[in-house]
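In what follows, a structure is listed as structure tokens, so that the remarks can point back to it.
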Amino acid sequence: MADVNSSFNMLQQFAGSVGVSLATALISLAQKTGQGALAQRSYQGGRYDFIMFSCLALVTLLAIWQNFRLQKQKNKEN
1 MADVNSSFNM LQQFAGSVGV SLATALISLA QKTGQGALAQ RSYQGGRYDF IMFSCLALVT
61 LLAIWQNFRL QKQKNKEN
């Protein structure tokens, strides 16, 4: 059980670092390619981040819903 917990914690940290890297890359890309003042370009990058994380949250919620539906179906069969 301890190995599973440490693996899960490691995956959480890895996913967090990947998320921060993606968010930083999107803001940086918006700052380099956008138009207007730096604050305006940074704001646009933040909007891109919000859209990306909202889509990821939606996908996660759909996966959770599907998992619960499959578990319920599996429990009815047993």
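With our numbering as the guide, the letters of the sequence shown map in order to residues 1 to 78. Just so you know, even glycine gets a beta-carbon here, dropped at the ideal spot from N, CA and C.
Where Met1 falls: helix, strand or coil (DSSP): Numbered from its first residue, the sequence shown carries residue 1 at position 1. If DSSP states are grouped into helix, strand and coil, Met1 belongs with coil.
The region 47-65 in contact with the region 19-36 per 3-pair CB rule at 8 Å: yes
Continuous alpha helix (DSSP H) stretch holding Gln44: start and end: Numbered from its first residue, the sequence shown carries residue 44 at position 44. Segment Leu38 to Glu77, the alpha helix (DSSP H) holding Gln44.
Integer-rounded CB distance, given that Ala30 should sit under 8 Å from Tyr48: The residue given as residue 48 occupies position 48 in the sequence shown. The residue given as residue 30 occupies position 30 in the sequence shown. That belief holds up - the Cβ atoms of Tyr48 and Ala30 are roughly 6 Å apart, short of 8 Å.
Gly34, DSSP secondary structure in three states: Stepping through the sequence shown from its first residue, residue 34 is reached at position 34. Reduced to three states, the DSSP call for Gly34 is coil.
Neighbourhood of Ala23 by C-beta distance below 7 Å, restricted to the same chain and skipping five residues each side: Counting from 1 along the sequence shown, the entry for residue 23 is found at position 23. If we look at Ala23 and ignore the five residues flanking it on each side, its Cβ neighbours are Asp49.
Burial state of Arg69, where buried means 16 or more other Cβ atoms lie within 10 Å: Looking up residue 69 in the sequence shown gives position 69. Classification of Arg69: exposed, given that the 10 Å Cβ count is below 16.
Pair within 7 Å by beta-carbon distance, Gly45 and Ile64: Your numbering for residue 45 matches position 45 in the sequence shown. Your numbering for residue 64 matches position 64 in the sequence shown. Taking 7 Å as the Cβ cut-off, Gly45 and Ile64 do not qualify as a contacting pair.
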